[in-house]
Amino acid sequence: MDVDAAVMDDPLRAICSDLGFFTRAHAREAGYDDRAVTRTYRSGRWRRMRRGYYTFPDIWEPATVEERHLMMCRAVLDSLGDAVALSHASGCVAHRVELWGMSLDRVHVTRLDGGAGRVEGDVVHHEGFVGDEEVGEVDGLRVLAPARCVLEAASTASSEAALVALNSSLHRGVTTIEAIGTQFDLMAHWPRMRHLHVPVRMATERAESVGESRGLWLFWTEHLPAPVVQLEVHDGDRFVGRTDWGWPRLRGLGEFDGKVKYGRLLKDGQDPGDVVFEEKKREDDLREVTGCWMIRLVWSDLETRARTAARLRRLMAAAS
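For the sequence shown, the working numbering assigns the number 528 to the initial residue and increments by one for each residue that follows.
Structure, rendered in structure tokens:
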């Protein structure tokens, strides 16, 4: 990039830092005519997010899927103005609800102006009555209430994905089980809501991750005993540890062992191998104190439900 181009890009970077994007109009004000705008994003120096909206590759490329989706949400809301609010999966992302099994390819909005529902390019427009109390703001984004966002997103996904979203919203304190229940009662007869009866009944704030919630769904669908979630183990007055799932009557403990888990546990300057060693020692302590068997599930175990359930049944049968 030549010096003049770098100078011209400086105000655009400032705008992008403030808004999350810059527009074609912003580029014109910075000295780019329409041909220069097209030439610049085609050269790869800019990243076109959607028609008329841009960012820089060094901002877009390292961003997570959720961060990119939020950039898109900001651009869409800027384009559509007060006529819409984020909803469904986009509303969940705005509320920082962790999702699994839901596409973030398009931005979901609900019309506040009575406009018709439709799919228009990278935006899904939904229609439905929205009370004034259901519209709020999160980090400058106009968004519907979290309980409604979660339930509407869940209605278009699998029951397993629904449980993940519900549990995440509760664990992160975005909403409450009471709010979920009240909202579900209001929406129970809406299209695609029927399959949510079970996930809503199972929802818990104690499941801390996607893997833990998917494990709960596996246990339910395979007709295994429901575990205690986040079971605490004590040796007298000493706190030994906590497991993701526990079956005290069957003398069983369970953990979800996603690789990201060790990343969360890593302290400054600590080697990943040290974390693995500490986890192994913690597991040994838990088994020694309780006399329980321990099972660790990984992502692939959640995809092979019948085989995983058979492993658990063997362990449960041997302990009973």
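For every residue, glycine included, the Cβ atom is placed at its ideal position computed from N, Cα and C.
Hey, out of the options, whose CA is closest to residue i's CA?
i: residue 734; options: 692, 595, 565, 638; result: 692
i: residue 627; options: 762, 568, 826; result: 826
i: residue 620; options: 580, 661, 673; result: 673
i: residue 758; options: 727, 737, 819; result: 819
i: residue 736; options: 753, 710, 711, 696; result: 696
What does the Cβ neighbour count give for residue i, buried or exposed, with the cut at 16 atoms within 10 Å?
i: residue 694; result: buried
i: residue 702; result: buried
i: residue 847; result: exposed
i: residue 835; result: buried
i: residue 567; result: buried
i: residue 565; result: exposed
i: residue 608; result: exposed
i: residue 781; result: buried
i: residue 721; result: exposed
i: residue 790; result: At residue 790, the pLDDT of 47 sits below 50, so the modelled position is not reliable and the matter cannot be decided from this model.
Ends of the alpha helix (DSSP H) at residue i?
i: residue 832; result: 832-846
i: residue 692; result: 686-698
i: residue 551; result: 551-556
i: residue 598; result: 592-607
i: residue 741; result: 737-748
i: residue 677; result: 673-682
i: residue 568; result: 561-569
What residues are listed by DSSP as bridge partners for residue i?
i: residue 762; result: 765
For residue i, which residues from the same chain have a beta carbon less than 7 Å from its beta carbon, with the 5 sequence-adjacent residues on both sides left out?
i: residue 761; result: 767
i: residue 816; result: 760, 762, 767
i: residue 684; result: 628, 629
Give me, in chain order, the residues of the same chain whose beta-carbon lies closer than 6 Å to that of residue i; leave out the 5 immediate sequence neighbours on both sides.
i: residue 744; result: 687, 690
i: residue 537; result: none
Along the beta strand (DSSP E) that carries residue i, what are the first and last residues, could you check?
i: residue 631; result: Note, residue 631: premise wrong, no beta strand (DSSP E); not H, not E.
i: residue 615; result: Looking at the DSSP string, residue 615 is not in any beta strand (DSSP E); the run it does join, the alpha helix (DSSP H), is 615-621.
i: residue 728; result: Per DSSP, residue 728 belongs to no beta strand (DSSP E); it is in the alpha helix (DSSP H), 724-729.
Quick one: what's got a C-beta closer than 8 Å to residue i's C-beta in the same chain, skipping five residues either side?
i: residue 582; result: 543, 547, 548, 549, 573, 574, 576, 598
i: residue 634; result: 596, 599, 600, 603, 613, 617, 649, 650, 651
i: residue 587; result: 574, 576, 595, 598
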